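Protein chains in written order, with the numbering used here: chain A, 24 to 271; chain B, 8 to 249. We put the beta carbon where it would ideally sit given N, CA and C, even for glycine. Here the structure is a predicted model, which means the values were calculated and not measured. Report on one structure; see the data block that follows.
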């Protein structure tokens, strides 16, 4: 224990001097500055990828439950494509292969490619959850919506999706936490996020224990914050009279 | 009002409906009965196009259900339907259940829809429950709300798909009372049910189905007095023996 040296985070990255405020000044940065910036990159990749995943995953999951065979096929193909290839390989595909096949993508920053890669990978998993949520409502609710004169999109909007999303909040929470953790693959394409920071800072300072503990702590805090936020949402949208729905 | 002409339907190679033909005149109450699996629920769901059929056609107030050009949502909006398992929207309050389709489909204002909803809720005796969610009501109460919900669209006719068969026995009558009242007010109704008391009391005709076909289509006097087919005789003796 006594050999731990948390002051390592107050060191400036170029000179190695300990900055009195622990934050760098005059153009240099400390490891703490770098750590926080890396946390910012991790959160940026995660949040943007989660938005992409929720949007496309919901769309594909919905398509798979429609009565139109072509749309079902599209949703199924999408889901299988993105969930049957390892995440890290998909990131490399976006980085090396896609720009080679589609030349205009060569100028796209790797940050965007990682957001797309992680987002589409996760969209396949969310598509599966959205489909399961809708199908758990059986056919009765769909028929009831249609029988009232709702169009199919209205039936989804007002009848099926509000319940389906409530039902899948727990797995969606896991998926949102996973995306924070999975964002660590971005280090592979040189995004300066927490994992890349850990690798490089450990190398420069030889303080692997402190560096990895700090990084682990930040991953934990980020994922746990999502968990709490989801729990708050789950309680807010709880339906009275449903199983686990609480009092009258 | 409802004309069913030579309807046949298949699930893959399995034929569920065979050449079904009947009609429901304005103000008539038709009871459809028969053993489970005889296709009665499927037939009634064909009337508003919830189930597709491969042969024949159905006309509701002159509009073809089978014609791909028909605006089915519009047709359904004035054909009320009540389901075996109620199918209220669980995430909405009772008030919202009654008003949402009036607003989104018929384009009524929220106030107008709420007022109409409350009037109907009062009629089925559930005005006090307006603020609750469906999960907080008993089965019988939920089904009465479901009837009120269908009526909120001012339907030209009502379809009932086994409206009491998922209910506890002591709740059956509260639902049947509402249906009897509707029938006596002249609502055109097509009712899939095993409640023979209801059939005797308010129906004009009884349709008996077996294995996807309409075996008997008779006035209630003829059906209960002297059913022609042996299958209907057996069915009646079974359900009326106790």
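Cα separation between residue i and residue j?
i, j, result
"residue 26 of chain B", "residue 20 of chain B", "16 Å"
"residue 107 of chain A", "residue 114 of chain A", "13 Å"
"residue 272 of chain A", "residue 216 of chain A", "There is simply no residue 272 of chain A to check, as chain A begins at 24 and stops at 271 in what is shown."
"residue 194 of chain A", "residue 151 of chain A", "10 Å"
"residue 220 of chain B", "residue 29 of chain B", "11 Å"
"residue 84 of chain A", "residue 110 of chain A", "20 Å"
"residue 101 of chain A", "residue 34 of chain B", "52 Å"
"residue 118 of chain A", "residue 40 of chain A", "37 Å"
"residue 295 of chain A", "residue 80 of chain A", "Nothing can be reported for residue 295 of chain A, as the shown portion of chain A is limited to 24 through 271."
"residue 271 of chain A", "residue 55 of chain B", "Below a pLDDT of 50, predicted positions are generally treated as unreliable, and residue 271 of chain A, at 37, falls in that range; the measurement from the model is reported next regardless. When rounded, the distance between both Cα atoms is 36 Å."
"residue 44 of chain A", "residue 33 of chain A", "8 Å"
"residue 88 of chain B", "residue 162 of chain B", "9 Å"
"residue 89 of chain A", "residue 116 of chain A", "31 Å"
"residue 164 of chain B", "residue 183 of chain B", "17 Å"
"residue 92 of chain B", "residue 156 of chain B", "14 Å"
"residue 112 of chain B", "residue 52 of chain B", "20 Å"
"residue 239 of chain A", "residue 261 of chain A", "33 Å"
"residue 153 of chain A", "residue 131 of chain A", "31 Å"
"residue 6 of chain B", "residue 162 of chain A", "For chain B, the structure presents residues 8 to 249; residue 6 of chain B sits outside this window and is missing."
"residue 143 of chain B", "residue 100 of chain B", "10 Å"
"residue 268 of chain A", "residue 95 of chain B", "Because the pLDDT at residue 268 of chain A is just 49, under 50, the model does not fix this residue reliably, and the point stays unresolved."
So, at 6 Å on beta carbons, what are the nonlocal neighbours of residue i in its own chain, with the 5 sequence-adjacent residues on each side left out?
i, result
"residue 156 of chain A", "187, 190 and 191"
"residue 159 of chain B", "105, 109, 123, 124 and 127"
"residue 90 of chain B", "168"
"residue 23 of chain B", "16, 46, 49 and 219"
"residue 207 of chain A", "218"
"residue 210 of chain B", "36, 38 and 227"
Looking at the structure shown, is residue i part of a helix, part of a strand, or coil, going by DSSP?
i, result
"residue 5 of chain B", "Any property of residue 5 of chain B remains undetermined from this structure, which presents chain B solely from 8 to 249."
"residue 42 of chain A", "coil"
"residue 297 of chain B", "No answer is possible for residue 297 of chain B: the residues shown for chain B start at 8 and end at 249."
"residue 163 of chain A", "helix"
"residue 96 of chain B", "coil"
"residue 11 of chain B", "strand"
"residue 103 of chain B", "helix"
"residue 225 of chain B", "strand"
"residue 270 of chain A", "Here residue 270 of chain A scores only 39 on pLDDT, less than 50, and its place in the model is too uncertain to base an answer on."
"residue 87 of chain A", "coil"
"residue 212 of chain B", "strand"
"residue 53 of chain A", "strand"
"residue 31 of chain B", "strand"
"residue 25 of chain B", "strand"
"residue 174 of chain B", "coil"
"residue 133 of chain B", "coil"
"residue 131 of chain A", "coil"
"residue 47 of chain B", "helix"
"residue 244 of chain B", "helix"
"residue 69 of chain B", "coil"
"residue 207 of chain A", "helix"
"residue 91 of chain B", "coil"
"residue 7 of chain B", "For residue 7 of chain B there is no data in the structure shown, the boundaries of chain B being 8 and 249."
"residue 220 of chain B", "strand"
"residue 61 of chain B", "coil"
"residue 161 of chain B", "coil"
List the whole-angstrom C-beta distance separating residue i from residue j, where the pair is believed to meet the contact cut-off of C-beta under 8 Å.
i, j, result
"residue 167 of chain A", "residue 182 of chain A", "7 Å"
"residue 178 of chain B", "residue 204 of chain B", "Going by Cβ atoms, the distance from residue 178 of chain B to residue 204 of chain B rounds to 15 Å, so no, they are not a contact pair."
"residue 190 of chain B", "residue 36 of chain B", "5 Å"
"residue 220 of chain A", "residue 61 of chain A", "4 Å"
"residue 216 of chain B", "residue 41 of chain B", "4 Å"
"residue 200 of chain A", "residue 237 of chain A", "At roughly 19 Å, the Cβ-Cβ gap does not stay under 8 Å, so residue 200 of chain A and residue 237 of chain A are not in contact."
"residue 66 of chain B", "residue 14 of chain B", "About 11 Å separates the two Cβ atoms, so there is no contact after all."
"residue 102 of chain B", "residue 140 of chain B", "That pair is no contact at about 10 Å."
Can you list, in chain order, the residues of its chain with a C-beta nearer than 7 Å to that of residue i? Leave out the 5 residues immediately preceding and following it.
i, result
"residue 31 of chain A", "54, 228, 230 and 233"
"residue 138 of chain A", "68, 71, 72 and 75"
"residue 121 of chain A", "128"
"residue 70 of chain B", "77 and 82"
Heavy atom of the ligand MN less than 7 Å from the Cβ of residue i, yes or no?
i, result
"residue 114 of chain B", "Summarising the ligand content, the structure contains no ligands, and the ligand MN is consequently not present."
Whose C-beta lies closer than 8 Å to the C-beta of residue i among residues of the same chain, with five residues either side of it excluded?
i, result
"residue 48 of chain A", "42"
"residue 198 of chain A", "76, 145, 148, 149 and 152"
"residue 105 of chain A", "113, 143, 144, 146 and 147"
"residue 187 of chain B", "205, 208 and 209"
Residues within the stretch 67-97 of chain A neighbouring chain B, beta-carbon criterion of under 7 Å
none
Residues of the stretch 116-127 of chain B in Cβ contact with chain A at a cutoff of 7 Å, in chain order, please.
none
Name, going along the chain, the residues of the stretch 251-264 of chain A whose beta-carbon falls closer than 7 Å to a beta-carbon of chain B.
262, 263 and 264
Which residues, in order along the stretch 163-182 of chain A, keep a beta-carbon less than 7 Å from a beta-carbon of chain B?
163, 164, 166, 167, 169, 170, 171, 172, 173, 174, 177, 181 and 182
Contact residues within the stretch 188-201 of chain A, judged by C-beta distance below 9 Å to chain B
189
Report the residues of the stretch 47-60 of chain B with a CB closer than 7 Å to any CB of chain D, ordered along the chain.
As a matter of chain content, chain D is missing from the structure shown, whose protein chains are A and B.
Would you list, in chain order, the members of the stretch 88-101 of chain B that have their beta-carbon closer than 7 Å to a beta-carbon of chain A?
88, 90, 92, 94, 96, 97 and 98
Give, in chain order, every residue of the stretch 105-139 of chain A whose Cβ lies closer than 9 Å to some Cβ of chain B.
none
Near-chain A residues of the stretch 148-169 of chain B - C-beta to any C-beta below 7 Å
160
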